[in-house]
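Counting in numbering that gives the first Met the number 0, the sequence shown runs from 0 upward without gaps.
All remarks here apply to the structure that follows.
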Amino acid sequence: MRFNREKYIDLIMYILSQCHQKPNFGKTVLCSILYFIDFNYYELYGELMTNETYIKSKRGIRPTHFREISEELISKNYLFFRKEPYYNRTIYKYYIIIIPSLKFSQKELEIINDAINKLSDENATTITKYAKRDPPISVAEFGEPIDFRYVFSRGNEYSIIDK
């Protein structure tokens with residue numbers, strides 16, 4: 000499978016356009032939502048929306064292309080980044096500078112908006128704890144890619160089939 004760079008950029012920009020104003024919405028929440036969008040899409044349609052590879056890390060989920068893409072978007076002045084205080088922690092926030100064009104199919108938008116609505120109000124600690132219990136992540140080893148095929152062993156808490 001080949002990484003879909005354009006779709007990934009569109010997805011990041013769309014998510015940020017919907018959520019950047021939320022005080023809790025930092026890099027960890029963004030990366031977790033990216034993961035759930037791709038894996039939920041795979042659960043329903045048998046393919047990943049972006050073909051991103053997600054790595055299980057001690058801090059949660061690490062998309063392999065996120066740093067490269069976010070740095071590119073910052074250098075092109077599509078978004079900017081800053082560290083901000085969030086309670087007793089520092090949060091890594093991204094803000095959009097340009098309004099993204101909407102390039103998603105209806106079925107993609109349903110998955111995207113469902114993940115945003117369900118997860119975007121969570122803080123980094125809560126979303127990381129939640130994500131770590133998702134079967135694809137729970138069976139993965141730290142530092143290893145998360146196998147998308149384990150979405151089919153999800154229980155009712157995580158499965159989006161028939162919801």
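Backbone N, C-alpha and C fix where the C-beta goes; we use that ideal spot for every residue, glycine too.
- For R66, the enclosing alpha helix (DSSP H) has its first and last residue at F65 to S74.
- In the structure shown, T52 falls within a coil segment according to DSSP collapsed to helix, strand and coil.
- Residues of the same chain with a CB within less than 8 Å of the CB of S16, apart from the 5 flanking positions on each side, are I95, I98 and P99 in chain order.
- Looking at the DSSP output, I60 shares a beta bridge with K55.
- The alpha-carbon separation between E109 and R153 amounts to approximately 20 Å.
- Separation of the CB atoms of A123 and T27 is rounded to 4 Å, and the pair is thereby assigned contact status at 8 Å.
- Taken through DSSP and simplified to helix, strand or coil, Y86 comes out as coil.
- Residue burial is scored here from C-beta neighbours: I160 has fewer than 16 other C-beta atoms within 10 angstroms and is therefore classed as exposed.
- Here F38 is buried, its C-beta having at least 16 other C-beta atoms within 10 Å.
- Taking every protein chain shown into account, the CB of S31 has 16 or more other CB atoms within 10 angstroms, so this residue is buried.
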